[in-house]
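The opening position of the sequence shown corresponds to residue 11 in our numbering, with each subsequent residue numbered one higher. Using N, Cα and C, we set each Cβ at its ideal position, and we do this for glycine too. Here the structure is laid out as structure tokens; the discussion comes afterwards.
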Amino acid sequence: MNNFIVEGGGTINGNGRPWWRNSCKINKSLPCVGAPTAVTFDNCINLRVANIRIKNAQQMHLTFQDCVNVKASNLKVIAPENSPNTDEIHVTRTQNIQITCSLNRTGKGKEPSKHEFLVLLLIGSLGKNKAEDEVSDVVVDRARISGTTNGVRIKTWQGGSGYAKNIKFQNIIMHNVTNPIIINQNYCDQLESCPEQNVNPVREGETKAKASCQNVRLPSTERVSPLCQ
Numbered sequence: 011m012n013n014f015i016v017e018g019g020g021t022i023n024g025n026g027r028p029w030w031r032n033s034c035k036i037n038k039s040l041p042c043v044g045a046p047t048a049v050t051f052d053n054c055i056n057l058r059v060a061n062i063r064i065k066n067a068q069q070m071h072l073t074f075q076d077c078v079n080v081k082a083s084n085l086k087v088i089a090p091e092n093s094p095n096t097d098e099i100h101v102t103r104t105q106n107i108q109i110t111c112s113l114n115r116t117g118k119g120k121e122p123s124k125h126e127f128l129v130l131l132l133i134g135s136l137g138k139n140k141a142e143d144e145v146s147d148v149v150v151d152r153a154r155i156s157g158t159t160n161g162v163r164i165k166t167w168q169g170g171s172g173y174a175k176n177i178k179f180q181n182i183i184m185h186n187v188t189n190p191i192i193i194n195q196n197y198c199d200q201l202e203s204c205p206e207q208n209v210n211p212v213r214e215g216e217t218k219a220k221a222s223c224q225n226v227r228l229p230s231t232e233r234v235s236p237l238c239q
């Protein structure tokens, strides 16, 4: 689809609560199955999305996949903190995308606290099942992050290949964030330990995924990955 514009002012409600109750993240005795995405844009060229509020998705709220030239502005994504893995916005195989003025408040399937939101800005997971994934030229600029477990993050599976390069985190203010900046190149998303593999990470240069961090303000007691330069 070419030259498509979606502009609203209303709310898209995913009515996800029945799905959350039957999630294996909530009830460990249930099988893990996928859930629908509230709004998806696939194979769009010159796409504009503005003034949309999405809440309570079954799982993902909004995805852009295989798109070129996307501008998304004034997006609000909201779900309660105990909603399991209700990711905000996913971008996959998409070139030249700008997302501005977003309010994201969602849960990620952990035990909730009163104001706990687990991850805000994430690149990954890359290289799962020994895949080759490539991400480049990403700028996260002028963000405020408060009351989250993780702030900005790059995560890659061991055994994958490809690269994550020219990633910039700049002009970010963080408050009450447990892990402000994380670059994890040995990711494992399962209850049991992942089997040992030769580490062939999604990388920049020889061995490392890196990010440039400029004017990222956070309390000195909080942790920052040494790979953020």
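Residue from the options whose Cα sits closest to the Cα of residue i
i	options	result
R101	I88, S93, K86, S135	According to the sequence shown, residue 101 is Val rather than Arg. The option with the nearest alpha carbon to V101 is S135.
V43	S33, T50, F51	S33
Q75	I99, R63, A89, I64	I99
G18	L85, K65, K38, H71	L85
V149	A221, T21, G137, I64	A221
R154	T110, M11, T50, K65	T110
S156	N139, K35, N189	N189
H71	W167, I191, Q180, N23	N23
T158	Q68, Q168, V187, G20	V187
I15	K38, E142, I55, Q180	I55
Residues bridged to residue i [DSSP beta-bridge criterion]
i	result
K175	S146
I182	A153, V226
A82	V59, I109
I36	DSSP lists no partner for I36.
Endpoints, beta strand (DSSP E) assigned at residue i
i	result
R58	55 to 65
T102	99 to 102
G161	158 to 167
D52	49 to 52
G12	First, the amino acid is wrong: residue 12 is Asn here, not Gly. Segment 12 to 17, the beta strand (DSSP E) holding N12.
T21	21 to 23
L72	72 to 75
Short Cβ contact (9 Å threshold) for residue i with residue j
i	j	result
L132	R103	no
V145	K165	no
I182	D151	yes
P41	W29	no
K178	Q105	no
K138	G172	no
I107	I88	no
Q69	D97	yes
G161	I191	yes
Residue i: first and last residue of the uninterrupted alpha helix (DSSP H) it sits in
i	result
R31	27 to 31
Near the ligand FMN: residue i beta-carbon under 8 Å from a heavy atom
i	result
C42	As presented, the structure is devoid of all ligands, the ligand FMN included, so that no description of it is given.
Stretch-stretch touch, CB-based, cutoff 8 Å, three pairs: the stretch 79 to 92 with the stretch 52 to 62: Taking one beta carbon from each stretch, the stretch 79 to 92 and the stretch 52 to 62 have 3 or more pairs nearer than 8 Å; the two touch.
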